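Per the numbering used here, residue 75 is the first one in the sequence shown, and the count goes up by one each step.
Glycine is no exception: its CB is placed at the ideal position from the N, C-alpha and C atoms.
In this text, all values refer to a predicted model and were calculated from it rather than measured experimentally.
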Amino acid sequence: MLLEIYEPENLDRALDLDPALLGINNRDLKTFETDLGHTLRVGADVPESTMLVAESGIRSRADVEYLAGGGVSAILVGETLMRSESVLEKTTELVGVPRR
75 MLLEIYEPEN LDRALDLDPA LLGINNRDLK TFETDLGHTL RVGADVPEST
125 MLVAESGIRS RADVEYLAGG GVSAILVGET LMRSESVLEK TTELVGVPRR
């Protein structure tokens, strides 16, 4: 099960539940602004035993590489795929696997 937080003050309580997957939403649901650095800042104290998932605002391969470089193990992408002309091509771009 994926446990999601946004507010940094919820991190300790979330970690007390010992989640296998912890998602950190990059979208501020009050302003709808996204900040990819939010996952990296809030997730800095997440133990390696918990898979860190970045959620929202991921639009490009560069975004994926930035997050992966900061310790993110997985991404949750919705809007970017829904707005793309081809879900397959956009997914291929995001994961960095050349199409056959």
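Is it true that the CB of LYS164 sits closer than 8 angstroms to the CB of LEU155?
-> yes
Burial state of ASP137 (16 or more Cβ within 10 Å) = buried
Can you give me the start and stop residues for the beta strand (DSSP E) that GLU83 sits inside?
-> Here GLU83 belongs to no beta strand (DSSP E), and DSSP marks it neither H nor E.
How is the alpha helix (DSSP H) around ALA94 delimited, first residue to last?
-> Neither: ALA94 is in no alpha helix (DSSP H) and is coded neither H nor E.
Out of PRO82, LEU141, THR166, GLU129, which has the shortest C-alpha to C-alpha gap to ARG101?
-> GLU129
Can the beta-carbon of LEU110 be found closer than 8 angstroms to that of GLY117?
-> no
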